[in-house]
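In what follows, a single structure is set out as structure tokens and then discussed.
Numbering (my numbering), first residue to last: 17 to 430.
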């Protein structure tokens, strides 16, 4: 049974032909030896031929069943060992039909509980009508990527990005779903928005403080007594940009004392990573409006990096000539770190979104197509070839999933 299908057919036909040509002679010889008449020997010949061919057919069918079982077991292993939550549900009844261990761990339901539920049972009540509409879109498009709210067994609501594919499972119209928890990423985005709001409020306070400083200069009050009450760092420089005064908050944060930096140019706070390309924009803004706002990477006395948003205001004399500059520094290091973190996370998720919706779909579609084709095959060699192709697609899919998991785990551990 190891030859190609056409060789097996040829051998079978040749064997039958030889049997037809030789069996009559063998029957006569056997009848002469045993003493049985010709009719009895013909019956024995027929029973012998039926028994042999039946046994060979049984062996072929058993081999086919074993190959199909191996293919099904590989597919089940690939599904259940996936590190991301996966489930299959019936499109018509919306009932869960199969759920992997990752989904059980993530949502808290047992396999038995899942199989007694529908996909609506893990959704908030107000989302269920939209879920039904989404299932209808899946029926039309075969593939849908969306964001949803899911409810765990403990009642906790999470945000997930899901990718659904329409498949045939146990001869039923079903969908296979992969879910990725994006709750943490969305929370980071909310924190960033809150940081922007807080910075906006601080800027409004700074503007009021700067107005107070200007008024104090115009009325010749003691500048230090006013500015030292401001929590933000304040730097005053002459018209050439040479530092003439800093407040206590500046000394405390940067480690520099007033007597150390008086007479130094403003750029002594810059360092190797400071972007100086915005300097012409600052000059243009001050020339046109008397005010500029810019973000810089600065360095403390000990070399520690920190980000500041600097609001620079020009102070004029009676002739409308710039007499000095007042710069108020607002620390934004935390916000810049969050921005970079979210940028990196969005890059990773965008990459994986493409992978999930395209790269995974190809080997998965191949596996499903090959499984469907294998049900119609009878020849052992054809089944073996299908088995080999499914194995290749399964390894390809497994490699993609492991790569995604490694990258996500690496990012989460940072």
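No residue lacks a Cβ here, since even glycine has one placed at the ideal position from N, Cα and C.
For clarity, every value in this text was computed on a predicted model and none was experimentally measured.
The distance from the Cβ of residue 107 to that of residue 190 is about 6 angstroms, consistent with a contact at the 8 angstroms cut-off. Between residue 82 and the set 400, 98 and 286, the nearest pair of CA atoms involves 400. For residue 283, the number of other beta carbons within 10 angstroms of its own is below 16, and it is reported as exposed. For the pair of segments examined, the segment 274 to 282 was found not to touch the segment 290 to 306: the number of CB pairs separated by less than 8 angstroms stays below three. The alpha-carbon separation between residue 301 and residue 120 amounts to approximately 58 angstroms.
Between residue 180 and residue 193, the gap from beta carbon to beta carbon is short of 8 angstroms. The three-state reading of DSSP puts residue 344 in strand, counting E and B together. By DSSP's assignment, residue 188 forms a beta bridge with 185.
Using a 10 angstroms sphere on the CB of residue 123, the tally of other CB atoms reaches 16 or more, which defines it as buried. DSSP places residue 259 in the uninterrupted beta strand (DSSP E) bounded by 259 to 262. Of 195, 147, 184 and 254, the smallest CA-CA separation from residue 330 is found for 254. Counting other Cβ atoms within 10 Å of its Cβ, residue 332 stays below 16 and is therefore classed as exposed. Beta-carbon to beta-carbon, residue 163 and residue 361 are separated by about 15 angstroms, too far to satisfy the 8 angstroms threshold. For the options 183, 59 and 165, the alpha carbon positioned closest to that of residue 381 is the one of 183. Leaving aside the five residues that flank residue 148 on each side, none in its chain has a CB nearer than 7 angstroms to its CB.
The three-state secondary structure of residue 420, taken from DSSP, is helix.
Ranked by Cα distance from residue 118, the first of 100, 213 and 133 is 100.
At least 8 angstroms separates the beta-carbon of residue 313 from that of residue 271. Secondary structure at residue 321: strand, using DSSP grouped into helix, strand and coil. Taking a 10 Å sphere around the C-beta of residue 281, we find fewer than 16 other C-beta atoms and assign the residue as exposed. Looking only at 325, 352 and 384, the smallest Cα-Cα distance to residue 209 is reached by 352. Here the C-alpha atom of residue 111 lies approximately 28 angstroms from the C-alpha atom of residue 406.
In this structure, the alpha-carbon of residue 102 lies about 55 angstroms from that of residue 343. Rounded to the nearest whole angstrom, the CA to CA distance from residue 323 to residue 198 is 28 angstroms. Assignment of residue 383 by DSSP, reduced to helix, strand and coil, places it in the helix class. The three-state secondary structure of residue 250, taken from DSSP, is strand. Between the C-alpha atoms of residue 217 and residue 171 there is a straight-line separation of about 36 angstroms.
Going by DSSP, residue 123 is part of no beta strand (DSSP E) but of the alpha helix (DSSP H) stretching over 117 to 123.
Considering only 135, 78, 144 and 336, the residue with the shortest C-alpha distance to residue 104 is 135.
DSSP places residue 336 in the coil class of the three-state scheme, outside both helix and strand. Contact between residue 203 and residue 354 does not hold, since the beta-carbon distance rounds to 11 angstroms and is not under 8 angstroms.
Counting every other CB atom within 10 Å of its CB across the protein chains shown gives residue 379 a total of 16 or more, marking it as buried. Judged by DSSP secondary structure, residue 300 falls within the alpha helix (DSSP H) whose first and last residues are 295 to 305. Distance check between residue 169 and each of 129, 95, 187 and 338 places 129 closest, using alpha-carbon atoms only.
The bridge partners DSSP lists for residue 281 are 258.
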